[in-house]
Amino acid sequence: MGRYVVRRLLQMIPVFIGATLLIFLMVNVMGDPIAGLCGDRQCDPATAAQLEKEFGLDKPVWQQYLTYMGNVFTGDFGTAFNGQEVTELMASAFPVTIRLTIVAILFEIVIGITLGVITGLKRGRPVDTGVLLITLVVISVPTFVTGLLLQLLLGVEWGWIKPSVSTDATFGELIVPGLVLASVSLAYVTRLTRTSIAENKRSDYVRTAVAKGLPRHRVITRHLLRNSLIPVVTFIGTDIGALMGGAIVTERIFNIHGVGYQLYQGILRQNTQTVVGFVTVLVLVFLIANLLVDLLYAVLDPRIRYA
Numbered sequence: 001m002g003r004y005v006v007r008r009l010l011q012m013i014p015v016f017i018g019a020t021l022l023i024f025l026m027v028n029v030m031g032d033p034i035a036g037l038c039g040d041r042q043c044d045p046a047t048a049a050q051l052e053k054e055f056g057l058d059k060p061v062w063q064q065y066l067t068y069m070g071n072v073f074t075g076d077f078g079t080a081f082n083g084q085e086v087t088e089l090m091a092s093a094f095p096v097t098i099r100l101t102i103v104a105i106l107f108e109i110v111i112g113i114t115l116g117v118i119t120g121l122k123r124g125r126p127v128d129t130g131v132l133l134i135t136l137v138v139i140s141v142p143t144f145v146t147g148l149l150l151q152l153l154l155g156v157e158w159g160w161i162k163p164s165v166s167t168d169a170t171f172g173e174l175i176v177p178g179l180v181l182a183s184v185s186l187a188y189v190t191r192l193t194r195t196s197i198a199e200n201k202r203s204d205y206v207r208t209a210v211a212k213g214l215p216r217h218r219v220i221t222r223h224l225l226r227n228s229l230i231p232v233v234t235f236i237g238t239d240i241g242a243l244m245g246g247a248i249v250t251e252r253i254f255n256i257h258g259v260g261y262q263l264y265q266g267i268l269r270q271n272t273q274t275v276v277g278f279v280t281v282l283v284l285v286f287l288i289a290n291l292l293v294d295l296l297y298a299v300l301d302p303r304i305r306y307a
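Counting from 1, one number per residue, gives the positions in the sequence shown under the UniProt record's numbering.
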């Protein structure tokens, strides 16, 4: 196991460099950041030259990237065009998005897996058909429609929640935004769990456990569910990074100042340092989540061993 972890960590290095380089190049060719600094008015040549020199934009792109990566390894993600350190923006944004992601993941695990187990065990029955129809509707409806609808009904019409989340962004305020963020993934988790449970229910090891007289709950939790969760864990693990980076719509609807909000502002203002800095951390989140998922395979299925 130790050798496998070391090998995976070494494999993450070129992936991390390649992903950050690709993002850096894409951000640098998407527009002129100096124009974004000057707003609607066009910068005069002297001001533009001074700003380019101040932010290092007068150097070749490859040199900018090497300088940036050298600073990243020392904990310096640069300075945003408004003069604020990118690390300060991260310190205020990531805790909010992490709380939002935790709420969304809990919805996926608790509701998604529970519905998946129930429908998988009762495949073809009315409850199975009903859940499949509901998940199909959830997948079909865009997230911004779901968010705006819940905000209108629960926040404006009925007054059960605040239409906008406060700057504190407590867990209680993030329940509805978390449900909106997790809605599509929750539907996929339900369908994935249902399919896996229905397939493994006919396996030899399940029939053997039943023939041995084991209690039904033990057969389901110890044998059936444990082996059926491998594809579900894979999906949820990779979904963690997607939820943190893809929360732009949800955070905009509920006025949550998290990672998605900062990425939106950075892209809108063509703020290279902000966008690349946040995406760099998100790449690390993706890589670490995938590594943890691989290690969880051995916990769920003892037959899986890493050399």
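We put the beta carbon where it would ideally sit given N, CA and C, even for glycine.
The model shown is predicted, which means the values in this text are computed figures rather than measured ones.
The alpha-carbon of T74 is positioned some 54 angstroms away from that of R123.
In the structure shown, T79 adopts extended strand secondary structure according to DSSP, grouped into three states. Residue environment: G120 is assigned as buried (16 or more neighbouring CB atoms within 10 Å of its CB, all protein chains considered). The alpha-carbon separation between V189 and T20 amounts to approximately 30 angstroms. For I113, the enclosing alpha helix (DSSP H) has its first and last residue at I113 to L121.
Secondary structure note for G241: its alpha helix (DSSP H) is the uninterrupted segment L225 to G245.
In the structure shown, E173 falls within a coil segment according to DSSP collapsed to helix, strand and coil.
Residue environment analysis places M26 among the exposed positions, since fewer than 16 neighbouring C-beta atoms fall within 10 angstroms of its C-beta. When S166, R125 and V184 are compared, the shortest CA-CA separation from F107 is found for V184.
Between the alpha carbons of V180 and G2 lies a distance of about 39 angstroms. Among the bridge pairs identified by DSSP, E85 is matched with T79. When rounded, the separation of the alpha-carbon atoms in G112 and G277 is 33 angstroms. Per DSSP, the unbroken alpha helix (DSSP H) holding R207 starts and ends at D204 to A211. Residues of the same chain with a CB within less than 7 angstroms of the CB of G241, apart from the 5 flanking positions on each side, are L282, V285, F286 and A289 in chain order. When secondary structure is reduced to three states using DSSP, V165 falls in the coil class, being assigned neither helix nor strand. In this structure, L100 keeps its C-beta atom at 7 angstroms or more from the C-beta atom of Q262. When V233, T87 and I17 are compared, the shortest CA-CA separation from I105 is found for V233.
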